[in-house]
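Number of protein chains: 2
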Amino acid sequence: MARKIGSHSEITGPRVRQAALTLFARHGYAAVSMRQIAAEVGVQAGALYNYTADKQALLFDLMQTHMKDLLVALDACSDTGNALRRLETFSRFHIRYHLDRPDLVFIAYMELRNLSDENFAAVEALRGRYEARLRDILTQGIDERAFSVPDVKVASMAIIAMLTGITTWYREEGRLSRAEVEEIYWQMVRKAVSA
Amino acid sequence: MARKIGSHSEITGPRVRQAALTLFARHGYAAVSMRQIAAEVGVQAGALYNYTADKQALLFDLMQTHMKDLLVALDACSDTGNALRRLETFSRFHIRYHLDRPDLVFIAYMELRNLSDENFAAVEALRGRYEARLRDILTQGIDERAFSVPDVKVASMAIIAMLTGITTWYREEGRLSRAEVEEIYWQMVRKAVSA
DNA sequence: GATTGAAATGAACAGACGTTCAGATACTTT
DNA sequence: AAAGTATCTGAACGTCTGTTCATTTCAATC
């Protein structure tokens, strides 16, 4: 046997990335073998190398794409009002976007140390650009005398850590709806930086 | 060659755990081999099995001990004043304890999925007891009309995520001292739950 | 100084790892 | 219908994995 019936790269390619995403998120990059990924897709391990240079590239592709998409989505919904309004938009966007992609968030968070040096630098740069968006908002809020934060850098890290942490406990079938969680967290963020 | 000069279990034992701790934190449990740990200690891989049943037990021992120590240390410094005072004590304790043990915190956070089912349950139970301490404080604060939090469970998760996140960016040689970081974060926590 | 027990070696085990590649098969184009 | 190309198999590669164990060495006890 060789080529399978109905096999196409535009079908198998995404399925490889999806399988890698799911498995990496569940067991961790180092704990997942290429043979496991292949089994999930329904091919032999060798076939994966039609879609990725190697295992490392598979991880990097997932993380880089995620960070780029995150930035594009953020910029697409950012508004230009006052700082409080912008912070609310940012907070709600962050929660929604991350709750929609728990596996990608988990990987982007946990697998940084499994990236090669140059791949790490690339992802870290994208992460830095995202954090800079929040720092801009906080700086504006200080100028407007609307916020009281002793250190913009620290506050931005604190807010992002708090919001991203939702993905570690939120369950779709849980006690609270997304809208409720979003509201609770936004109120905490708002008060945390309030003057 | 066999037994080495000056070898003692009371020396090698802790060194095995220390090496495992450092390597697990840096590369992840799955990415570290028993031979790497042994090399760090300066013995052959087989010698590790005088100190641990297997690799899994090494991870579980680190995590369980960490969580138990955390609970003991928390209870040792907890006070019985009003909720605001108790929350401040908790927040400052959490920051200090975690900044002192970045590797343990990292592992307790990241390697949960590499625990066997029963080991996971044991660690998760200890984690739950720690979170319960914070929930108690928040509940008291609501009773005292000192706090305004719409959901105690969610607020406790948000606070812990925010505080624990410090370990992901704090550097000893960085711009801010521990005391400064502690103060900034405590003010954010205080405001976030304020009435 | 002989005996004993703890502590470590070093080789071995069977299996899994990432990756490569010649060859087989299915689809597309001519 | 034939030729060509994209896709996948299946086997192989060298290396590494966690773990076991007979053997050896060191340190303490008698």
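Protein chains in written order, with my numbering: chain A, 6 to 200; chain B, 6 to 200.
Glycine included, each C-beta is placed from N, C-alpha and C at the ideal position.
These numbers come from a predicted model, not from an experiment.
Between valine 157(B) and threonine 172(B), the CB-CB gap reaches or exceeds 8 angstroms.
With contacts defined as CB atoms closer than 8 angstroms, valine 37(A) and threonine 17(A) fail to qualify as a contacting pair. Annotated as proximal: isoleucine 189(A) and valine 159(B), with beta-carbon spacing under 8 angstroms. In this structure, arginine 90(A) and glutamate 187(A) do not form a Cβ contact; the two beta carbons are roughly 16 angstroms apart against a cut-off of 8 angstroms.
In this chain, the alpha helix (DSSP H) harbouring asparagine 124(B) covers 122–148. The beta-carbon distance between lysine 196(B) and serine 199(A), rounded to whole angstroms, is 6 angstroms. This is short enough to meet the 8 angstroms contact definition. Its chain contains Gln49, Ala50, Ala52, Leu53 as the residues whose beta carbon lies nearer than 7 angstroms to that of alanine 43(B), once the 5 sequence neighbours on both sides are disregarded; these appear in chain order. Residue state for serine 83(B) is assigned as coil, using DSSP reduced to three classes. In the DSSP assignment, no residue is bridged to serine 182(B). Counting only Cβ-Cβ distances below 9 angstroms, histidine 32(B) has contacts in chain A at Ala35, Arg118, Asn119, in chain order. Look at the stretch 12–53 of chain B and you find these whole runs of alpha helix (DSSP H), each 4 residues long or longer: 14–32, 39–46.
Taking the CA atoms as reference points, glutamine 41(B) sits about 11 angstroms from threonine 27(B). Phenylalanine 152(B) is bridged by DSSP to Ser199(B). Residue contact with chain B for aspartate 156(A): present (Cβ-Cβ distance below 8 angstroms to some residue of chain B).
Any Cβ of chain B closer than 8 angstroms to the Cβ of tyrosine 102(A) would place that residue at the interface, and such an atom is absent.
Contact fails between the stretch 74–81 of chain B and the stretch 73–92 of chain A, because fewer than three Cβ pairs, one in each stretch, are under 8 angstroms apart. Two segments are said to touch when three or more pairs of C-beta atoms, one from each, lie closer than 8 angstroms; by this definition the stretch 161–168 of chain A touches the stretch 161–175 of chain B. One finds nothing in chain B with a Cβ atom closer than 7 angstroms to the Cβ of lysine 60(A); even the nearest lies about 12 angstroms away.
Look at alanine 58(A) here: in three-state DSSP terms it is coil, with no helix or strand label. Contact annotation, leucine 104(B) with arginine 183(B): C-beta distance approximately 6 angstroms; criterion of less than 8 angstroms satisfied. The shortest C-alpha to C-alpha distance from phenylalanine 152(B) to any of Phe125(B), Val128(B), Asn87(B), Gly133(B) is the one to Asn87(B). Comparing alpha carbon positions, the residue from Arg31(A), Val46(A), Gly33(A) closest to lysine 9(A) is Val46(A).
Contacts between valine 186(A) and chain B, judged by CB atoms closer than 8 angstroms, involve Val159 in chain order. Taking a Cβ-Cβ threshold of 8 angstroms, the residues of chain A close to serine 199(B) are Lys196, in chain order. Counted as a single uninterrupted DSSP element, the alpha helix (DSSP H) harbouring leucine 109(B) occupies residues 107–115. Note on glutamate 123(A): under 16 other CB atoms within 10 angstroms of its CB, so exposed under the neighbour-count rule. Only residues of its own chain outside the window of five on either side were considered, and among them Arg90, Arg91, Thr94 have a CB closer than 7 angstroms to the CB of aspartate 84(B), listed in chain order.
Around the beta carbon of alanine 62(A), a 10 Å sphere encloses fewer than 16 other beta carbons of the protein chains shown; the residue is thus reported as exposed. Taking all protein chains shown into account, glutamate 116(A) has 16 or more neighbouring C-beta atoms within 10 Å of its C-beta and is therefore buried. For leucine 79(A) and glycine 133(A), the gap between their C-alpha atoms comes out near 14 angstroms. Against chain B, a Cβ distance below 7 angstroms from tryptophan 191(A) picks out nothing, because the smallest value is about 11 angstroms. Taking a contact as a CB-CB distance under 8 angstroms, the pair aspartate 66(A) and arginine 118(A) does not count as one, their CB atoms being some 17 angstroms apart.
Contact annotation, methionine 68(A) with tryptophan 174(B): C-beta distance approximately 18 angstroms; criterion of less than 8 angstroms not satisfied.
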